[in-house]
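So the protein sequences, as listed, match chains A and B. Residues 2 to 359, numbered by our numbering, are exactly what the first sequence covers, in order. Residues 2 to 359, numbered by our numbering, are exactly what the second sequence covers, in order.
Number of protein chains: 2
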Amino acid sequence: MINFTVGPVQSCEAVHEIGAQDVPYFRTAEFSEVMLENERLMLKFAGAPSGSRAVFITGSGTASMEAVVMNLLTPEDRALVVNGGSFGARFCKICEIHGVPHDEIRLEAGRKLREEDLTTEHTEYTEKECTAFIVNKHETSTGVHYDMELISRYCKEHGLLLIVDNISSFLCDEFNMAELGADVMITGSQKALACPPGVSIIILSPRALERVAVNDPKCMYFDLKDALANQTRGQTPFTPAVGTLLQINSRLKEIDAAGGVSVEVNRAKDLADYFRSRIKDLPLEIVSESLSNAVTPLHPTNGMSAYDIFLKLKDEHGIWICPNGGELKEKIFRVGHMGCLSFEDYDKLILSLKEVLA
Amino acid sequence: MINFTVGPVQSCEAVHEIGAQDVPYFRTAEFSEVMLENERLMLKFAGAPSGSRAVFITGSGTASMEAVVMNLLTPEDRALVVNGGSFGARFCKICEIHGVPHDEIRLEAGRKLREEDLTTEHTEYTEKECTAFIVNKHETSTGVHYDMELISRYCKEHGLLLIVDNISSFLCDEFNMAELGADVMITGSQKALACPPGVSIIILSPRALERVAVNDPKCMYFDLKDALANQTRGQTPFTPAVGTLLQINSRLKEIDAAGGVSVEVNRAKDLADYFRSRIKDLPLEIVSESLSNAVTPLHPTNGMSAYDIFLKLKDEHGIWICPNGGELKEKIFRVGHMGCLSFEDYDKLILSLKEVLA
């Protein structure tokens, strides 16, 4: 199978080699060194401001999304949440569960965030004394990549804490916490880090760390104070996904040695550009107003069901593309540009797409 | 390195082979089949009563311990918790965090649970109208294996919901939910299942499922209603540790084909008996009144620090035994009997122990 989904994605040989070995015991100085190096490289690659910290959560990206809301926000806050798809909706639901007052900026599927969404229609929000802004930088469900410059300016102007889910865009599109004034960045092991799923990562700015220090989340597993205290010595409060953390270490060092984030971003961009330039004659419409290099969201214009195309490629061509759920299931499928993929892989995909769409 | 810790442990070749491969896309009928088979085999191996269900949580064993308390108990309950070490203490702390009233049966390190702990000293507990009993069947921190027959009788007599953390004892010692009247069993991927860490498993009896159905935990990630609804079709609410779940599937089928739980239990027992019979002349004292086949907890009687023995074996002999934390750090180390280990491995350990202890 060739895997063009948005995660899990294909891994490189070094990651496979670690997966083929026994997982080592981890309450050791040796594993602590690995974890401290993981933190150092994650902070570097996120462009985190001086004094930031990173913690590694054994759980999906949603685990870290929820841990962030639980540890940084309280009923005294008011969050402004961009809701342009299922991951934006998920943040709203998490705020609701934890009693964090919030307003939504609702965007229909595929629509990008515009200046007027913040300045005109939603002026009322700031009047409600918002304290935080929450955004999935790349709304993975619909492939919309939000304008972080716009969001950054708005947050700086209004003094808002800026929480960024960068799960599917990290290492695919440029992102610099310090320049944007972002306080939190979340990502996961199974996107462009191209490791198995099971670990998510939270980066916290000094301002975010201050909030964590004074809050008291009602959860042992998601207590970031505990995670931070343990990570200071390169450990975790509970047995983590040790194997995946070693694979992440291998990947982070590989990226660093190859030239850092920009090389990875260019690789994703090259793959995305290549694919997008070669589907122009196919009955496929790109349905996002603002694309990430991570994913191309497509709507078949020949009347075919997007989900049927996914099934046909899987069952008859040995190819996974990424289906959508819910009301977009029949309308949209997505092609990812993350992980160990080559131009030749896309040539095969395009040949198969031509056949299926014919 | 040879790994005699209590997890992660050494895996078999089939598990390594899966780890060496790319993790497949999982929102497919193929992966759903794997997950439904995982559920079926876990229920079989736990001796779960008819109508039970299993869910797979991407997270450590503690994640599932907390999820169980959050989804099954409320401030209207009162739990009786056996606290004989750090994992018993953890359940008490989880109850405290979630406002679940609870009483502790405190047992000093190494001490087994006796009839009088339930009937004499603690009669007061039942007068407080307890509704649930929580026990780490094998208190892994000190290697004490509690008498489940005794606990089962007590729970049946008083109509208590019985929650059993079987994380380190599953597949090492006999356990049958239906016979014991247990309502919950928890285990993890990295103990006798001998897969990488990152997945924990919760089995719920029909009575436990009734409680889950009416409770409303304040957490998206640990919402077992959501996990159960998804598992009905072999899926999970969020991206799980797909690779580890495939490895678990391979191991469960391997165990099933080899004759089931009793074969695994006998294997652990043989390894434990072999090791214990061969250390009789060494200056080591077994410090548990009631041993599991999973672990042998040892105290050096020659004045050496237990932690120094761990370090020497690691740095000079290529062997991991399991150190203890906290106040037991210098006093106790543990030798595990889980995972892919042979009698020859124990011969090497004993030779090295002789040298280090001399």
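Glycine included, each C-beta is placed from N, C-alpha and C at the ideal position. Because the structure is a prediction, the values reported are computed rather than measured.
Check, Outcome
"May I ask which residues mark the beginning and end of the beta strand (DSSP E) holding Asp-346(A)?", "Where Asp-346(A) is concerned, there is no enclosing beta strand (DSSP E), although the alpha helix (DSSP H) it sits in stretches over 344 to 358."
"Taking only the alpha-carbon atoms, compute the straight-line gap between His-139(B) and Leu-162(B) and give it to the nearest angstrom.", "18 Å"
"Between the Cα of Glu-117(A) and the Cα atoms of Ser-291(A), Leu-151(A) and Tyr-222(A), which residue gives the shortest distance?", "Leu-151(A)"
"Note down, one range per segment and in chain order, each beta strand (DSSP E) of at least 3 residues found wholly within the stretch 107 to 180 of chain B.", "133 to 137 and 162 to 166"
"Does the beta-carbon distance from Leu-350(A) to Ile-106(A) come in below 9 Å?", "no"
"Listed in chain order, which residues of the stretch 161 to 192 of chain A have Cβ atoms closer than 8 Å to some Cβ of chain B?", "Gly-189 and Gln-191"
"Note the first and the last residue of the continuous beta strand (DSSP E) segment covering Glu-286(A).", "285 to 287"
"For chain A, check one thing: does any of its Cβ atoms lie closer than 9 Å to the Cβ of Thr-297(B)?", "no"
"Beta carbons nearer than 8 Å to chain A: which residues of the stretch 26 to 60 of chain B have them?", "Tyr-26, Phe-27, Arg-28, Thr-29, Thr-59 and Gly-60"
"Using only the alpha-carbon positions, how far apart do Ala-21(B) and Arg-115(B) sit?", "47 Å"
"Tell me which same chain residues have a C-beta within less than 6 Å of the C-beta of Ser-170(A), skipping the five on either side of it?", "Lys-138, His-139, Ser-293 and Ala-295"
"Pull up the DSSP beta-bridge partners for His-300(B), would you.", "Glu-286(B)"
"Under DSSP, the alpha helix (DSSP H) around Ile-95(A) begins and ends at which residues?", "87 to 98"
"Is there a C-beta anywhere in chain A that falls below 9 Å from the one on Arg-91(B)?", "yes"
"With H, G and I counted as helix, E and B as strand and the rest as coil, what does DSSP make of Ile-256(A)?", "helix"
"Excluding the 5 residues preceding and the 5 following Ile-58(A) in the sequence, name in chain order all residues of the same chain whose CB lies nearer than 8 Å to its CB.", "Ala-64, Ser-65, Ala-68, Val-200, Ser-201, Ile-202, Ile-203, Phe-223 and Ala-228"
"Check whether the Cβ atoms of Met-221(A) and Lys-226(B) sit closer than 9 Å, and answer yes or no.", "no"
"In this structure, does DSSP put Ile-19(A) in helix, strand or coil?", "helix"
"Going straight from the alpha carbon of Ala-55(B) to that of Met-339(B), what length do you get?", "23 Å"
"Going by Cα to Cα distance, which pick from Gly-337(A), Lys-45(A) and Glu-286(A) is closest to Ala-193(A)?", "Gly-337(A)"
"My output table needs one value for Met-186(A): the three-state DSSP class, helix, strand or coil.", "strand"
"If we call anything under 9 Å between Cβ atoms a contact, is Pro-9(A) one with Pro-197(A)?", "yes"
"By a C-beta neighbour count over all protein chains shown, 10 Å radius and 16 as the cutoff for buried, is Thr-143(A) buried or exposed?", "buried"
"Within 9 Å (strictly less), CB to CB, does Val-243(B) reach chain A?", "yes"
"Take Asn-84(A) and list the residues in its own chain whose beta-carbon comes closer than 8 Å to its own, dropping the five residues that flank it on each side.", "Ala-90, Phe-92, Cys-93, Glu-105, Ile-106, Arg-107 and Leu-108"
"Inspect the CB distances between the stretch 32 to 40 of chain B and the stretch 210 to 217 of chain B and report whether three or more fall short of 8 Å.", "no"
"Could you tell me whether the Cβ of Asp-23(B) comes closer than 9 Å to any Cβ of chain E?", "The chain inventory of the structure shown lacks chain E, comprising the protein chains A and B."
"Kindly indicate the opening and closing residues of the beta strand (DSSP E) around Ser-1(B).", "Residue 1(B) lies beyond the stretch modelled for chain B, which goes from 2 to 359, so this question has no answer here."
"Am I right that Val-70(A) and His-99(A) are in contact with their C-beta atoms under 8 Å? What's the rounded C-beta distance?", "6 Å"
"Compare the Cα-Cα distances from Glu-158(B) to each of Leu-253(B), Leu-119(B), Val-165(B) and Met-186(B) and report the closest residue.", "Leu-119(B)"
"Once the 5 residues before and after Asp-257(A) are set aside, which same chain residues still bring their CB inside 7 Å of it?", "Leu-42"
"Mind listing, in chain order, the continuous beta strand (DSSP E) runs of no fewer than 3 residues lying wholly within the stretch 10 to 85 of chain B?", "54 to 59 and 80 to 84"
"Which residues does DSSP pair with Arg-335(A) in a beta bridge?", "Pro-298(A) and Cys-323(A)"
"Report yes or no: is there a C-beta of chain B within less than 9 Å of the C-beta of Ser-12(A)?", "yes"
"Please confirm whether Ser-53(A) and Leu-210(A) have their CB atoms less than 9 Å apart.", "yes"
"Can you list, in chain order, the residues of the stretch 207 to 239 of chain B whose Cβ is nearer than 7 Å to any Cβ on chain A?", "Lys-219, Cys-220, Met-221, Tyr-222 and Phe-239"
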